[in-house]
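Novice:
In UniProt numbering, the protein residues as written are 1 to 50.
1) Please state if the CB of residue 16 and the CB of residue 4 are separated by a distance shorter than 8 Å.
2) Residues bridged to residue 17 by DSSP?
3) Provide the residue(s) that pair with residue 43 in DSSP beta bridges, ordered along the chain.
4) Since residue 38 is in the alpha helix (DSSP H), which residue starts that stretch and which ends it?
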């Protein structure tokens with residue numbers, strides 16, 4: 001499963017950056033964000049039908 005991670009602005013909470021990662025990478029990104037007090041929004045990535 002893949003997740004979309006949006007980095008949120010510290011002032012108003014609007015998304016400023018986005019990336020799509022696999023499930024194994026989510027924990028590492030969350031740990032990095034927590035260490036610097038960064039706000040994230042994580043949601044399942046949209047998948048296209050094949």
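We treat Cβ as the ideally placed atom computed from N, Cα and C, and that holds for glycine.
Specialist: So, to answer that:
1) no
2) 7
3) 4
4) Run containing residue 38: none; DSSP gives neither H nor E here.
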